[in-house]
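Taking this note's numbering, the leading residue of the sequence shown gets 14, the next gets one more, and so forth.
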Amino acid sequence: MRPNIGIVNALVRITCGFTMLAWATSKLVKRPWNSYSYIVVAMLGGMKVGEGITRFCPLTALFENYQENTQEEKHEETVINPT
């Protein structure tokens, strides 16, 4: 697993993730009975913090893999067999 996002992108993800996590935690403290949506936001915030720390984003990796496969398919279609 090699890093696929830059330093600035990682810092933005960490900042946004901690902001989402703090917001969801404060809402959970205020209204714990309405917790489902806030738990989802807290999980997404934690995921963003983890992506920033490891500098690896699974969605970016999937997109890059898709782009590489698409380029290979286009290259294979343009090759003409002379026989």
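Beta carbons: idealized from backbone N, C-alpha and C, even for Gly.
| Item | Value |
| --- | --- |
| Of the listed residues Trp36, Ser50 and Lys61, nearest to Leu119 (C-alpha basis) | Nothing can be reported for residue 119: it is not among the residues displayed for the chain, which extend from 14 to 96. |
| As assigned by DSSP and simplified to three states, the class of Met56 | helix |
| Supposed close pair Ile18, Cys70 - CB separation, criterion 8 Å | 5 Å |
| CB of Leu75 within 8 Å of CB of Gly59, strictly | no |
| Three-state secondary structure (DSSP) of Phe69 | coil |
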